[in-house]
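Participant: Position 215 of the sequence shown, counting from 1, maps to 243 under this note's numbering, and the rest follow consecutively. Just so you know, even glycine gets a beta-carbon here, dropped at the ideal spot from N, CA and C. Would you mind keeping the following structure in view while I ask a few things?
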Amino acid sequence: MQPYSYKSMVQEAEASLVLSGKDRGIAMLLLEDLFDISRADFLLDGEEPVRDDEHMQFRGVIDDVISGVPYQYAIGFAWFFGEKFKVDAHTLIPRNETEELVEHILNSETDDGRTVVDIGTGTGNIGLILQNSWQNNEVILTDMSTEALSVAMYNAEQFSISPLMLAGNMYAPLIDRGLKADVIVSNPPYIGYNETDEMDVSVLRHEPHEALFASDDGLGFYKEMIDGLPEVLNFGGAVYFEIGWQQFQPLQQYISAKWPNTRPHLKKDINGNDRILFFRWED
Ligand code: SAM
Ligand code: GLN
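Quick look at the structure:
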């Protein structure tokens, strides 16, 4: 009998993916993500035999994907800003839109010793990329979920950095320690409880609801953070929020009513949707 080759393994996986209505390209992607075998390597060496443990691992991920588990959870990591981030059931899968938030902050803030806080850090994707890109600014990562912070801790180790990580509700861990920031960044939960009909079923079924949903049509956490600024942000400091596509207008009004001298700005994402709300806080 011919030894079982990478080629047979990929062909079988592609056939099962197609049969279950999934993208067949996942098989080649997985080959690269799991074993670092590129398309070019595959064309050259596809007939090479596969080790049993590799086959089991590969098949396990394909079966999970077929049963509806998002690819990143099945494989255990997600790419964000060109880096690999561990993800698990306690963390949101980092989104492409959020890369645009990170890029905008890197373009806007100078690296001159600022204290920057990432509220609701999840895998740490925002805060760790920022900290890894800066030499002088200090980034603090917070989350309500200690499980998510463990994942962020693991990811920090991969960058060989050890930023301060604090567990707790929104600003509470900063207030407890008397910490004040120059920059606040957050991609909080912002989906309204009435929006489940419009959501992707796999997001709803597999991603942590504590990372997705917020009260007040998804505006609850923003309003709480806007109200609490005097306790945690140095005067004139900056705020950057990722927001949902319909949230700029109501938040703009809310900010103007609360802090009349503050001018909220909007940046759209690559798809033309409202996505980043940012401002320098003046009361
Ligand atoms: N920052 C990550 C990103 O951009 O992909 C994760 C964002 S996810 C939308 C929101 C995060 O906020 C989750 O990790 C969740 O655990 C955290 N969270 C939810 N409620 C919170 C609260 N009351 N205080 C602090 N963090 C909270
Ligand atoms: N952008 C995510 C989604 O649409 C939601 C993330 C969030 O609530 N911050 O699934």
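Sorry if obvious, but does the Cβ on residue 250 come closer than 7 Å to a heavy atom of the ligand GLN?
Facilitator: No, Cβ of residue 250 sits at least 7 Å from all heavy atoms of the ligand GLN.
Participant: Enumerate, from N- to C-terminal direction, the unbroken alpha helix (DSSP H) stretches of 4 or more residues contained entirely within the region 183-226.
Facilitator: Whole alpha helix (DSSP H) segments, 4+ residues: 200-204.
Participant: List the residues that DSSP assigns as beta-bridge partners of residue 33.
Facilitator: In DSSP, residue 33 forms a bridge with 77.
Participant: Just to check, is the beta-carbon of residue 90 closer than 7 Å to a non-hydrogen atom of the ligand SAM?
Facilitator: No, since every heavy atom of the ligand SAM falls outside the 7 Å radius drawn around the Cβ of residue 90.
Participant: Give the C-beta separation of residue 90 and residue 45 to the nearest angstrom, bearing in mind that I take them to be a contact with Cβ-Cβ under 8 Å.
Facilitator: That pair is a contact at about 7 Å.
Participant: Whose C-alpha, out of 37, 129, 258, is nearest the C-alpha of residue 286?
Facilitator: That would be 258, whose Cα lies nearest to the Cα of residue 286.
Participant: Just to confirm my understanding: we take residue 224, look at its own chain, exclude 5 residues before and 5 after, and list those with CB closer than 8 Å. What are they?
Facilitator: So the qualifying residues of the chain are 232.
Participant: Between the Cα of residue 252 and the Cα atoms of 163, 82, 217, which residue gives the shortest distance?
Facilitator: Among 163, 82, 217, the Cα nearest to that of residue 252 is on 217.
Participant: Can you tell me whether DSSP reads residue 97 as helix, strand or coil?
Facilitator: Note: residue 97 maps to coil in three-state DSSP.
Participant: Quick one: is the Cβ of residue 203 within less than 7 Å of any heavy atom of the ligand GLN?
Facilitator: No, Cβ of residue 203 sits at least 7 Å from all heavy atoms of the ligand GLN.
Participant: Relative to the C-alpha of residue 146, which residue among 237, 240, 215 is closest?
Facilitator: Closest option to residue 146, Cα to Cα, is 215.
Participant: Is any non-hydrogen atom of the ligand SAM found closer than 7 Å to the C-beta of residue 217, if you look at the structure I gave you?
Facilitator: Under cutoff, so the answer is yes.
Participant: Leaving out five residues before and five after residue 274 in sequence, what residues of the same chain have Cβ atoms less than 6 Å from its Cβ?
Facilitator: Closer than 6 Å at the Cβ level, and outside the excluded window around residue 274, lies no residue.
Participant: Taking C-beta to C-beta, are residue 150 and residue 211 nearer than 8 Å?
Facilitator: No, the pair does not count as a contact, with Cβ atoms beyond the cut-off.
Participant: Measuring CA to CA, which of 250, 263, 86, 219 is closest to residue 238?
Facilitator: Out of 250, 263, 86, 219, 219 has the C-alpha closest to the C-alpha of residue 238.
Participant: Rounded to whole angstroms, what's the CA-CA distance from residue 175 to residue 294? Just pull it up for me.
Facilitator: Their Cα atoms are separated by approximately 32 Å.
Participant: Indicate the three-state DSSP secondary structure (helix, strand or coil) for residue 43 in the structure shown.
Facilitator: Here residue 43 sits in helix by DSSP.
Participant: What number of angstroms, rounded off, separates the C-alpha of residue 186 from the C-alpha of residue 297?
Facilitator: Taking the straight line joining both Cα atoms gives about 29 Å.
Participant: In the DSSP assignment, what are the bridge partners of residue 154?
Facilitator: Partner(s): none; residue 154 has no beta bridge.
Participant: Cα separation between residue 25 and residue 278?
Facilitator: Only positions 29 to 311 of the chain appear in this structure, which leaves residue 25 out of reach.
Participant: Can you tell which of 54, 245, 81 has its C-alpha closest to the C-alpha of residue 38?
Facilitator: The shortest C-alpha separation from residue 38 is found at 54.
Participant: Are the CB atoms of residue 177 and residue 167 within a distance shorter than 8 Å?
Facilitator: Their beta carbons are not under 8 Å apart, which means residue 167 does not touch residue 177 by this criterion.
Participant: Relative to the alpha-carbon of residue 235, which residue among 117, 87, 108, 49 has its alpha-carbon at the smallest distance?
Facilitator: Cα-wise, what sits closest to residue 235 is 117.
Participant: Let's test the definition: count the other Cβ atoms within 10 Å of the Cβ of residue 93 and tell me whether it reaches 16, buried, or not, exposed.
Facilitator: Residue 93 should be labelled buried.
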